[in-house]
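Student: Each residue of the sequence shown is one higher than the one before, starting from 594 at the first, in the working numbering.
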Amino acid sequence: MKSIIVGTAGHIDHGKTALVRALTGVDADRLPEEKRRGITIDLGFAELELDGVRLGFIDVPGHERFVKNMLAGAHGIDVVALVIAADEGVMPQTREHFDICRLLGVRSGMVCLTKADMVDTDLLDLVRAEAEELIDGSFLEGAPVLAVSARTGFGVEELKAALARVASQAPARSLGTIARLPVDRVFTMRGFGAVVTGTLVAGEITEGDEMELLPAGARVRVRGLQVHNSQTRGASAGQRVAVNLGGIEAAQIERGMVLAPPGRLRPTQILDARIDVLAGAPRPLRTRMRVRVHLGAAEILARLRVLEEAGEIAPGKSGFAQLRLESPVAALPHERFIIRSYSPSQTIAGGRILDAQGLKVRGRDVARARERLARLADATASEEFALFVETAGAQGLRRADAAARTGWTDEVLEDAAKKAAGEGTVVDAEGVFVSRESFERISQATLGEIAAHHKREPLSRGLPRETLREQIFSHSAPEVFRSVMTHLEKSGALVSEKEVVRASAHKLSLSSGDTALRDRLEKIYKDAALEPPTLDEALDVARGGAAAGGAGARSAREHERKIFQLLLDSRSMERVGPDLFFHREALDRLVEKLREHAAGHGPERLIDVATFKTIAGVTRKYAIPLLEYFDRERITRRAGDKRIIL
Ligand SMILES: Nc1nc2c(ncn2[C@@H]2O[C@H](COP(=O)(O)OP(=O)(O)OP(=O)(O)O)[C@@H](O)[C@H]2O)c(=O)[nH]1
Ligand SMILES: [Mg+2]
């Protein structure tokens, strides 16, 4: 069954509570003080079923001092019943409440001219004209304007019919975001514990769900649920819900907190928004102004940072701004909020969140920030997603970050990500999203770094992956690094060899002298077989005599070592110990001999150091490093003081 929230609105004493009672039979003034003073102080609730639509009523106080309470309920309404007493006409809170409804984006409703029994038709016509004028050009233009009397029951049936019609036409709640219940009431129920109530603005809650109360982050369990005063196993968007919570005391919960699935949302203190300033606001909104922000059921103090060139948003105008909140809230893009002046408390503006995880904007970045918000304001879901990914830069946006930033369900997020990838704006780097632009930029930087390395070190095989990661990807997620590397290898630009990366076009260009030196070095080790010289000895021999001293000699020796490194890179030579190198062929022959020995010595394939020395024909000085090398290479494995030949 469709569930719709109907909110009352209107000036104090205009008959809102009486009207709700005439419709539902429920007196929504539940506090003793309300009954004593005959005014509504805090939100009241009632329900009614009409033609297959469930209406949840939120009755709000009209007193100007309690607008903040009105706002704790007004955020969740689908349909407004704007109440104007026929004997008084439009009054200040009629206008303020109506402004609030407009700023919150309420889309449908009707006007109720209450206390119709107290006036004659002339006066009623006058008030009707006044009401028509008020709603002219607004979302209520053309909506029913009905005369009613809670006292005599006049017009109540017509009002019900109008409510049923408007409710059935009211647009369904968006299904794209995860469950959120801004808490508007908290109490303890004897024998049950903490109970919170609120309008479930999105998603579903089911008995037994693990949830989280934000911004505190307290984990709670849904022990029981009530919708419209009856026990239920599940509640869905658009319903007034009472939730019995386990794992928390009522004293730890406050109005304005948000109940949501655990680990999905991240509290924030900077909201980027588009703001509409009321024409009747006493002064423009300016940077540093301290204001009250009403978001969901919460009221938070904030400082404004106007992002308009003029540095202000004038009454009657719209513009972009940041709200720097004095305490954290759970907030999402597209949520509406109301801004009231700090003192006196007065509604001056309202707006829509564009990015709930804003970053402080510095002076010189204002124009860019404004341009980004302008794009966000008109973005489709996939464009919005792409813009959030773009903001994350080279770091990339993890799936969980994207989920927290948008509040989207997994399916909606998946769709937007696919669409953005299809539109060519976002790359999915193993589950971390990066803008195509960042991805390309990092790819180019990687190629540039490698090209520079080849130029600097023509004798080097390439750049170690680790060095590259530190230089180019220090601000990127490891997934982004791997994706860029894979992309560049697949495109044929890079070749990865073990821990080193090189440009595929890179070839060692050796001078004939260097080639000769390399060949001589190789021959020295090949001939030496298992009795290799130290590197210095080999270099001396290869050069054909001792080198001259001095700095020139040092750099010459440096160069010769690089030539020798080429033999290691090509695996013609192997480093077995700190200054112990063997030619590959000598090692291969030795391995062969070991395996022959093993084959002839039963199933254990064991060998001890003494036998190894005999087989290899080496002294202990070489035997131990060689055996350790074979262990590392998985040719042998230690077993006590012996080794198994694998
Ligand atoms: N004659 C007459 N009196 C009414 C009617 N509706 C309400 N009243 C009276 O007007 C007074 C205020 O009514 P409420 O329903 O409490 O007004 P309200 O708008 O809820 O006031 P707040 O919640 O304090 O803003 C009460 O004394 C009601 O009895 C009506 O249709 N006819
Ligand atoms: Mg009332």
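For every residue, glycine included, the Cβ atom is placed at its ideal position computed from N, Cα and C.
1. Could you pull the start and end residues of the beta strand (DSSP E) that D652 belongs to?
2. Contact between the region 615–628 and the region 709–718: three or more CB pairs below 8 Å?
3. For R1213, which residues from the same chain have a beta carbon less than 8 Å from its beta carbon, with the 5 sequence-adjacent residues on both sides left out?
4. When you compare the region 1002–1009 with the region 768–775, are there three or more beta-carbon pairs, one atom per stretch, that lie closer than 8 Å?
5. Looking at ligand 2, does it come within less than 7 Å of P1293, judged from the CB to the closest heavy atom?
6. From the DSSP output, in three-state form, read off F659 for me.
7. Just how far apart, CA to CA, sit R833 and R826?
8. Please determine, among G849, I906 and G873, the residue with the shortest C-alpha to C-alpha distance to A579.
9. Take the Cβ of D1129 as the centre, count every other Cβ of all protein chains shown within 10 Å, and call the residue buried at 16 or more, exposed below.
10. Let me make sure I understand the geometry here. Which of E976, V759 and V1073 has the alpha-carbon closest to that of L545?
11. First and last residue of the alpha helix (DSSP H) that includes I1065?
12. Pairing CB atoms from the region 799–807 with CB atoms from the region 854–868, are three or more of them under 8 Å?
13. Judging by CA-CA distance, which residue of I1035, V1088 and V820 is the nearest neighbour of E1063?
14. Should D777 be listed as close to ligand 2, given that the test is whether its C-beta is under 7 Å from any heavy atom?
15. Just how far apart, CA to CA, sit V870 and P1057?
16. Just how far apart, CA to CA, sit V1094 and F1032?
17. By Cβ distance, which residues of its chain are closer than 8 Å to I868, with the 5 residues on each side in sequence left out?
18. Check for me: the alpha helix (DSSP H) holding I1263 runs from which residue to which?
19. Which term fits H604, buried or exposed, when burial requires 16 or more other beta carbons within 10 angstroms of its beta carbon?
20. Return the residue from the list Q824, D606, T687 and G746 that minimises the CA-CA distance to A709.
21. Throw me the rounded Cβ distance for the A787 and I841 pair, which I believe falls under 8 Å.
22. Would you mind sorting D652 into buried or exposed? The rule is 16 or more other CB atoms within 10 Å of its CB.
23. Helix, strand or coil for L1123 per DSSP?
24. Using a Cβ-Cβ cutoff of less than 6 Å, which residues in the same chain neighbour T726 once the five nearest sequence positions on both sides are dropped?
25. Hey, how far is the Cα of Y1222 from the Cα of E1189?
26. Candidates S938, H887, S936 and R991: which alpha carbon is nearest I946's?
27. Return yes when the Cβ of V794 is within less than 8 Å of the Cβ of A830, no when it is not.
28. With distances taken between CB atoms, is the gap from C694 to V741 smaller than 8 Å?
29. In three-state terms, what does DSSP make of F785?
30. DSSP on K595, reduced to helix/strand/coil?
31. Entirely within the region 826–854 and at least 3 residues each: give me those beta strand (DSSP E) ranges in chain order.
32. Since A1076 is in the alpha helix (DSSP H), which residue starts that stretch and which ends it?
33. Within the chosen definition, does the region 1144–1164 reach the region 1193–1201 through at least 3 CB pairs nearer than 8 Å?
34. Compute the Euclidean distance between the alpha carbons of L1187 and T1204, then round it to the nearest angstrom.
35. Can you find the residues in the same chain that come closer than 6 Å, C-beta to C-beta, to Q819, ignoring five residues on each side of it along the sequence?
36. Relative to ligand 1, is the shortest distance from any of its heavy atoms to the C-beta of D606 smaller than 7 Å?
Tutor: On the basis of the supplied data:
1. V646 to D652
2. no
3. V1202 and K1206
4. yes
5. The question about residue 1293 has no answer here: the residues shown for the chain are numbered 594 through 1239.
6. helix
7. 14 Å
8. Past the boundaries of the shown model lies residue 579; the chain is included only from 594 to 1239, so the question cannot be answered.
9. exposed
10. Here the chain has residues from 594 to 1239 only, and residue 545 is not among them.
11. R1058 to I1065
12. yes
13. I1035
14. no
15. 57 Å
16. 18 Å
17. L878, I906, S911, G912, F913, A914, I932, A942, G943 and G944
18. Outside the modelled stretch of the chain, which goes from 594 to 1239, sits residue 1263, for which no answer is possible.
19. buried
20. G746
21. 5 Å
22. buried
23. coil
24. Strictly speaking, residue 726 in this sequence is Glu, with Thr absent from that position. Nothing listed; no residue qualifies.
25. 19 Å
26. H887
27. yes
28. no
29. coil
30. strand
31. 827–829, 833–839 and 851–853
32. Just to set this straight, residue 1076 is Ser in the shown sequence, not Ala. First-last of the alpha helix (DSSP H) with S1076: P1071 to K1083.
33. no
34. 10 Å
35. A835
36. yes
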